[in-house]
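>
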């Protein structure tokens with residue numbers, strides 16, 4: 001086990017609160033030795049329906065901000081962002097970049113029995129980019145691969161509507177076709193979706209296994225870092241939108257408040273508010 005004098009600095013980012021589902025698993029995997037810097041771009045959520053070039057600009061700003069913080073690695077907790085960036089862009093960053101799509105595809109492609117059927121639910125942009133499909137099609141053991149855009153999921157989750165009649169109706173509407181197909185696996189292709197996991201599970205066939213990509217990005221990070229010890233892991237949250245609203249989500253989701261720092265978005269640059 002590596003004992004660190006100073007905690008590793010890991011930047012984690014998402015368009016909003018969805019990446020908290022990834023962060024929660026990272027904290028469980030690394031209770032010590034890591035300082036997480038979570039960027040929530042709540043002022044510009046959702047990413048799933050915005051022009052690709054606009055998103056590339058947002059992502060570049062976030063990366064520049066992380067570099068100013070001196071981070072040691074970047075974890076994308078946003079499937080849409082991951083699908084927008086090219087492999088070359090990811091590899092050419094000055095620090096390691098951890099994809100949320102790649103380890104999910106790699107693991108599912110290796111464990112799924114021959115003849116398996118896979119469905120992906122995601123934002124409109126993730127579906128349009130079809131990165132999950134293009135990568136999954138490489139595996140001969142997967143017989144049928146389908147995808148479905150669910151554009152209303154992120155807005156209602158960001159509004160704090162995680163259960164109840166509205167969620168039931170929206171999930172039932174989007175998953176009706178997938179439910180009829182009864183795939184063997186259903187990938188939650190947006191980190192917001194685990195917030196309504198129970199509703200999704202109740203809306204699909206019992207034979208369908210839900211796949212949460214957060215599980216696989218954690219494995220990749222563990223393989224890179226190894227076993228470490230150090231100071232207790234901490235999180236600093238940087239929020240481009242309403243910090244009070246974000247704090248309420250933290251209290252509801254983690255049962256505790258967090259260190260929330262508001263930021264400004266000015267002239268294509270992210271700066272901490274003074």
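In my numbering, the protein residues as written are 1 to 274.
Backbone N, C-alpha and C define an ideal beta-carbon position, used for all residues, glycine too.
1. So, with DSSP's three-state summary, where would you put residue 258?
2. Taking the runs of the alpha helix (DSSP H) that are 4 residues or longer, which of them lie wholly in the stretch 164-237?
3. In whole angstroms, what is the alpha-carbon distance linking residue 222 and residue 80?
4. Is residue 211 near residue 178, with beta carbons less than 8 angstroms apart?
5. Would a C-beta distance cut-off of 8 angstroms place residue 33 and residue 71 closer than the cut-off?
6. In chain order, what residues of the same chain lie with their CB nearer than 7 angstroms to the CB of residue 61, ignoring the 5 residues before and after it?
7. Grab me the residues of residue 278's own chain with a C-beta within less than 6 angstroms of its C-beta, minus the 5 sequence neighbours each way, in chain order.
8. Buried or exposed: which applies to residue 129, given that a residue is buried once 16 or more other Cβ atoms fall within 10 Å of its Cβ?
9. Which term fits residue 225, buried or exposed, when burial requires 16 or more other beta carbons within 10 angstroms of its beta carbon?
10. Excluding the 5 residues preceding and the 5 following residue 7 in the sequence, name in chain order all residues of the same chain whose CB lies nearer than 6 angstroms to its CB.
11. Could you tell me which residues DSSP puts in a beta bridge with residue 147?
12. If we require 3 or more residues per run, which beta strand (DSSP E) segments fall completely within the stretch 60-101?
13. On the premise that residue 25 lies in contact with residue 215, defined as a C-beta separation below 8 angstroms, what is that separation, rounded to the nearest angstrom?
14. Are the stretch 101-111 and the stretch 50-70 in contact at 8 angstroms, needing three or more beta carbon pairs?
15. So what's residue 139 in DSSP terms, helix, strand or just coil?
16. From the DSSP output, in three-state form, read off residue 48 for me.
17. Look up residue 156 in the DSSP assignment and give the residues it is bridged to.
18. Tell me where the beta strand (DSSP E) around residue 29 begins and ends.
19. How is the beta strand (DSSP E) around residue 11 delimited, first residue to last?
20. With DSSP run on the structure shown, which of helix, strand or coil describes residue 274?
21. Can you list, in chain order, the residues of its chain whose CB lies under 7 angstroms from that of residue 105, leaving out five sequence neighbours each side?
With the given structure in hand:
1. In the chain shown, the residue the question calls residue 258 occupies position 258. Of the three classes helix, strand and coil, the one that applies to residue 258 here is coil, per DSSP.
2. 165-181, 197-202, 214-225
3. For the purposes of this step, residue 222 is taken as residue 222 along the chain shown, with counting starting at 1. For the purposes of this step, residue 80 is taken as residue 80 along the chain shown, with counting starting at 1. Straight-line Cα distance between these residues: approximately 23 angstroms.
4. Within the chain shown, residue 211 is the residue found at index 211, counting from 1. Within the chain shown, residue 178 is the residue found at index 178, counting from 1. Not in contact: residue 211 and residue 178 (Cβ atoms no closer than 8 angstroms).
5. Here residue 33 refers to the residue found at position 33 when the chain shown is read from its first residue. Here residue 71 refers to the residue found at position 71 when the chain shown is read from its first residue. Going by C-beta atoms, residue 33 is not nearer than 8 angstroms to residue 71.
6. Taking the chain shown and counting its residues from 1, one reaches residue 61 at position 61. Taken in chain order, the residues that qualify are 268, 269, 270.
7. A question about residue 278 goes unanswered here, because the residues of the chain that appear run from 1 up to 274.
8. Here residue 129 refers to the residue found at position 129 when the chain shown is read from its first residue. By the 10 Å Cβ count, residue 129 comes out buried.
9. Mapped onto the chain shown, residue 225 falls at position 225. Flag for residue 225 reads buried.
10. For this step, residue 7 is matched to residue 7 along the chain shown. So the qualifying residues of the chain are 33, 34, 35, 230, 231.
11. Along the chain shown, one-based indexing puts residue 147 at 147. BP columns for residue 147 point to 120.
12. 73-76
13. Residue mapping note: residue 215 aligns to position 215 of the chain shown, counting from 1. Residue mapping note: residue 25 aligns to position 25 of the chain shown, counting from 1. Yes, residue 215 and residue 25 are in contact; Cβ-Cβ is about 7 angstroms, under 8 angstroms.
14. no
15. Translated into positions along the chain shown, residue 139 becomes position 139. It is coil, neither helix nor strand.
16. Here residue 48 corresponds to residue number 48 of the chain shown, with the count starting at 1. Reduced to three states, the DSSP call for residue 48 is coil.
17. Here residue 156 corresponds to residue number 156 of the chain shown, with the count starting at 1. The partner list for residue 156 (beta bridge, DSSP) is empty, contrary to what the question assumes.
18. Position 29 of the chain shown holds residue 29. Residue 29 -> not in any beta strand (DSSP E); alpha helix (DSSP H) instead, spanning 20-29.
19. Within the chain shown, numbered from 1, the residue matching residue 11 stands at position 11. 8-14 is the extent of the beta strand (DSSP E) around residue 11.
20. The count along the chain shown starts at 1 and reaches residue 274 at position 274. Reduced to three states, the DSSP call for residue 274 is coil.
21. Taking the chain shown and counting its residues from 1, one reaches residue 105 at position 105. Excluding positions up to five away in sequence, the list reads 132, 135, 136.
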